[in-house]
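Residue numbers (UniProt numbering): 1 to 395.
Working notes for the structure below.
This is the structure in structure tokens:
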């Protein structure tokens, strides 16, 4: 029998060791007190000192949270908490007079209970990160009421969207037979397009307020930028990011001739008109060079590989027995496969990080070629200062 569980635990420990090494190496760099020569005249010593302190706080938090997460995962695997929960899901179905062998009902209960359990486990870290770490550096703007409301909305979305998607995926696998992986991939691609369509218009407004940017020089300049580059801008929104955080951002979304730009209200306060246009010139660079399309193609190819290997692995008896399950189940098989697939996932994330960096440089070059080089430089400096970004990276 191949030791799937032991192999996964070994890989998890290897990743933890690598990430810990990176954190400690970066932490030593964040202890530097004086600005490097290349930053003199660019950022003040005060801003550099504060960004270093913020970076150290985040690295400490990441180290503690990853350590606890790794220990917890090993505990769950070592003491068979997953098969135990699966067994209790069957017992609960019996208790309510429902068929114990109903795999879909059992999967729904398992998903909801495990989601609540993981939420509780992560709660101290979530609260500390939001209301202690972020707040101590002036970033957190959330009230307790808003935070609780966000959590309730997220859980409601899990029930309204997550549960039906889970049921649909299980049905696709049952119906698809030996070649279910093809249909599962098509289902995943379809759902991805649906979510990309409904998220900005139906889901995001549940958490943030989107208002059209008022008429004025800024709006005119942005529309002129869009017209200059044949960008089919139909709506220009400002989102109340300041209701939750002082961090800033801007992005665009939409298919074909229906593009929309969203600007965080915090960004409007941090940069001037010319700098904002330069930032959006960078974003339009992503569109002009089809970075979004390329990312979608890469993602769908990744989904295809995932589904294909899942199709060859889902019903492997050794996988279930290695993790302590007596009988195979489609839902549990998918859950376990997501664990043993993690080496591929980490490699893919690494490759995507490299690609993302290349795309960012290309988008910067596009904005510079549009004549916004100086404005882009000053805007990035301002954003880095305001967001306390790491100003001196360990390479």
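Glycine included, each C-beta is placed from N, C-alpha and C at the ideal position.
Model, not experiment: these values are computed from the prediction.
No Cβ-Cβ contact shorter than 9 Å links residue 173 with residue 186. Between residue 140 and residue 244, the CB-CB gap stays under 9 Å. According to the DSSP assignment, residue 56 belongs to the alpha helix (DSSP H) that extends over 45-78.
Residue 37 and residue 43 have their C-alpha atoms some 11 Å from each other. With a beta-carbon spacing of about 7 Å, residue 382 and residue 275 fall inside the 8 Å limit used to define contacts.
Per the Cβ contact rule, the stretch 56-76 is in contact with the stretch 128-143 (3 or more Cβ pairs under 8 Å). The beta-bridge partner set that DSSP reports for residue 212 consists of 237.
A straight line joining the alpha-carbon of residue 313 with that of residue 104 spans about 20 Å. Excluding its 5 nearest sequence neighbours in each direction, residue 122 has no C-beta neighbour in its own chain below 7 Å. Rounded to the nearest angstrom, the Cβ distance from residue 20 to residue 63 is 7 Å, consistent with a contact under 8 Å. Boundaries of the beta strand (DSSP E) around residue 261: 259-264. With respect to the 9 Å criterion, residue 218 and residue 268 are classified as neighbours on the basis of their beta carbons. Shown here, residue 118 sits in a helix according to DSSP, grouped into three states. Taking the Cα of residue 189 as reference, the smallest distance to any Cα among 358, 335, 169 and 322 is reached at 169. A check of alpha carbon separations from residue 359 across 291, 261, 193 and 374 identifies 291 as the nearest.
For residue 208, the CB contacts under 6 Å within the same chain, skipping 5 residues up- and downstream, are 239 and 240 in chain order. Residue 46 is positioned such that its CB atom lies no closer than 9 Å to that of residue 248. Judged by DSSP secondary structure, residue 320 falls outside any beta strand (DSSP E) and instead within the alpha helix (DSSP H) spanning 317-322. In the structure shown, the three-state DSSP call for residue 245 is strand. Between the C-alpha atoms of residue 317 and residue 95 there is a straight-line separation of about 29 Å. Residue 140 carries a strand assignment under DSSP once its states are collapsed to helix, strand and coil.
Straight across, the Cα-Cα distance linking residue 339 with residue 13 is about 13 Å.
Residue 252 has 261 as its beta-bridge partners, per DSSP. Residue 48 and residue 322 have their alpha carbons spaced roughly 50 Å apart. The count of Cβ pairs closer than 8 Å, one atom from the stretch 249-263 and one from the stretch 224-232, reaches three, so the stretches are in contact. DSSP places residue 106 in the helix class (H, G or I) of the three-state scheme. A direct Cα-Cα distance of roughly 9 Å separates residue 155 from residue 116. Beyond the five residues adjoining it in sequence on each side, residue 83 comes within less than 8 Å, by CB distance, of 323, 324, 325 and 326 in the same chain, given in chain order.
Secondary structure at residue 41: coil, using DSSP grouped into helix, strand and coil. Residue ranges of uninterrupted alpha helix (DSSP H) with 4 or more members, entirely inside the stretch 162-203 and ordered along the chain, are 163-176 and 180-198. A straight-line Cα-Cα distance of about 21 Å links residue 175 and residue 99. For the set 308, 348, 311 and 282, the Cα lying nearest the Cα of residue 299 is the one of 348.
Counting the other Cβ atoms within 10 Å of the Cβ of residue 17 gives fewer than 16, which makes it exposed.
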